[in-house]
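Novice:
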Amino acid sequence: MLTKAEKTTQFILEKVGPYFNKHGYTGTSLSAITQATGLTKGAIYGNFKDKEDLALQAFNYNIRRAMSKLRDRMNMEADGLTKLKEITRFFRKYYADEKLHGGCPMINVGIDSLNHNHTLYLRVVEVMNKLIQKIADIIDQAKTEGTIKSSIDSLKYANQIYAQIQGGIFITSMLNDENHLSELMNHVDRMIETEMRA
Numbered sequence: 000m001l002t003k004a005e006k007t008t009q010f011i012l013e014k015v016g017p018y019f020n021k022h023g024y025t026g027t028s029l030s031a032i033t034q035a036t037g038l039t040k041g042a043i044y045g046n047f048k049d050k051e052d053l054a055l056q057a058f059n060y061n062i063r064r065a066m067s068k069l070r071d072r073m074n075m076e077a078d079g080l081t082k083l084k085e086i087t088r089f090f091r092k093y094y095a096d097e098k099l100h101g102g103c104p105m106i107n108v109g110i111d112s113l114n115h116n117h118t119l120y121l122r123v124v125e126v127m128n129k130l131i132q133k134i135a136d137i138i139d140q141a142k143t144e145g146t147i148k149s150s151i152d153s154l155k156y157a158n159q160i161y162a163q164i165q166g167g168i169f170i171t172s173m174l175n176d177e178n179h180l181s182e183l184m185n186h187v188d189r190m191i192e193t194e195m196r197a
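Dropping the structure here:
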């Protein structure tokens with residue numbers, strides 16, 4: 000059961016998260032935050048230390064929301080190879096889903112924070128490394144199960160897979176054409192079948 004303060008924090012993140020994601024740290028003013036939430040400045044900063052803290056927590060909220068479906072799917076699957084294929088299946092629909100929330104948080108906040116907010120930038124890099132490591136762990140699992148070649152460098156391939164995911168999202172976002180992301184996910188599937196499969 001959430002406390003009143005926790006419910007208020009959750010409410011603020013739900014309202015402000017998509018705005019921060021779409022407009023960035025510098026593009027999100029205090030007046031926009033109060034307008035989006037209907038709360039006063041005092042109510043906002045009663046729940047967050049400052050704008051940077053709110054932006055950081057909004058990014059964390061957006062990432063958890065964006066990745067929740069994939070996390071649920073990963074928990075439903077038992078073997079590593081199926082999990083790898085589930086990743087590409089998930090990201091084929093990712094652009095359409097995230098467009099409703101202002102786009103991909105990793106790309107939006109990553110680019111925005113690179114030159115404007117070092118704390119946010121470090122958090123994006125941390126999340127990126129965790130995602131890459133998670134893919135490497137899945138490859139390791141599949142290697143143990145004998146469905147992926149034992150000679151495969153798990154981290155190297157995890158980096159390649161993640162780079163194609165984010166590259167596909169970026170091109171699709173810039174050109175507003177989901178075919179680019181879909182084709183790159185097809186390429187990852189072919190890489191799994193032709194280069195990685197035992």
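Per numbering that gives the first Met the number 0, numbering through the sequence shown is continuous, rising by one, with the last residue being 197. Ideal Cβ placement from N, Cα and C applies to all residues, glycine included.
1) Would you mind stating whether residue 87 and residue 184 have Cβ atoms separated by less than 7 angstroms?
2) May I have a chain-ordered list of the alpha helix (DSSP H) segments no shorter than 4 residues that lie completely inside the region 91-135?
3) Considering only C-alpha positions, which residue in the set 103, 6, 179, 175 is nearest to residue 58?
4) Where do the N-terminal and C-terminal ends of the alpha helix (DSSP H) with residue 160 fall, by residue?
5) Going straight from the alpha carbon of residue 23 to that of residue 109, what length do you get?
6) Which residue comes first and which comes last in the alpha helix (DSSP H) that contains residue 50?
7) Three or more C-beta pairs under 8 angstroms: does that hold for the region 9-16 against the region 24-40?
8) Out of 187, 186, 172, 197, state which residue places its alpha-carbon closest to the alpha-carbon of residue 139.
9) What's the call for residue 122, buried or exposed, on a 16-neighbour Cβ count within 10 Å?
10) How is the alpha helix (DSSP H) around residue 148 delimited, first residue to last?
11) So, at 6 angstroms on beta carbons, what are the nonlocal neighbours of residue 188 in its own chain, with the 5 sequence-adjacent residues on each side left out?
12) Less than 7 angstroms between the beta carbons of residue 60 and residue 101, yes or no?
13) In the DSSP assignment, find the unbroken alpha helix (DSSP H) run with residue 18 in it and report its ends.
14) Just list the residues that DSSP pairs residue 196 with in beta bridges.
Specialist: On the basis of the supplied data:
1) Taking 7 angstroms as the Cβ cut-off, residue 87 and residue 184 qualify as a contacting pair.
2) 93-98, 104-113
3) 103
4) Segment 153-174, the alpha helix (DSSP H) holding residue 160.
5) 10 angstroms
6) 50-75
7) Touching, yes.
8) 197
9) buried
10) Unbroken run through residue 148: none, as it is neither H nor E.
11) Contacts found: 87.
12) no
13) 3-22
14) 147
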